[in-house]
Amino acid sequence: MGRKKIQISRILDQRNRQVTFTKRKFGLMKKAYELSVLCDCEIALIIFNSTNRLFQYASTDMDKVLLKYTEYSEPHESRTNTDILEVGAGTPEDEEEEEDRVTGLFWDC
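Counting along the sequence shown from 1, when you hit position 92 you're at 92 in the UniProt record's numbering, and nothing is skipped either side.
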């Protein structure tokens, strides 16, 4: 039995928003760790919460990963919230094609 899909919108209650932030931040960092181990890739994750508190995860040295990022000049994949929403608004076939494309990217690392 799968989980119920939730509506993605800002959580109005401050306490619930903080609890959700803490749980999802941990989950995101865990996924980043797993991806770095499974695919042998470098990951840098930077999060600022609503009060501008910094949280970071790096699979190796954060400064080295950020330096590598700033010096990188080749074309690369970049996504924003708008890009993610547009993919979500597509047809089921579009979503399957996008999943196949993204899955291929993960195997390339």
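Heads up, the beta-carbon is just placed ideally off N, CA and C, and yes, glycines get one too.
Let me know the secondary structure DSSP gives residue i once reduced to three states.
| i | result |
| --- | --- |
| Y57 | strand |
| Y72 | coil |
The alpha helix (DSSP H) with residue i in it runs from where to where?
| i | result |
| --- | --- |
| E86 | N81 to G88 |
Is the beta carbon of residue i less than 8 angstroms from the beta carbon of residue j?
| i | j | result |
| --- | --- | --- |
| I46 | S59 | no |
| I8 | R17 | no |
Comparing alpha-carbon positions, which option in the options lies nearest residue i?
| i | options | result |
| --- | --- | --- |
| T22 | F55, A32 and S9 | F55 |
| R53 | R3, T80, K25 and I84 | K25 |
| Y57 | E34, I8, R3 and D83 | E34 |
| C41 | F48, S50, K31 and N49 | K31 |
| T51 | V87, L67, H76 and Q14 | Q14 |
| N49 | T82, N81 and T20 | T20 |
Within the UniProt domain "MADS-box" (1–61), note down every full alpha helix (DSSP H) run reaching 4 residues or more, in order along the chain. For the UniProt domain "MADS-box" (1–61), the continuous alpha helix (DSSP H) assignments of 4+ residues that do not extend past its boundaries occur at 14–39, in sequence order.
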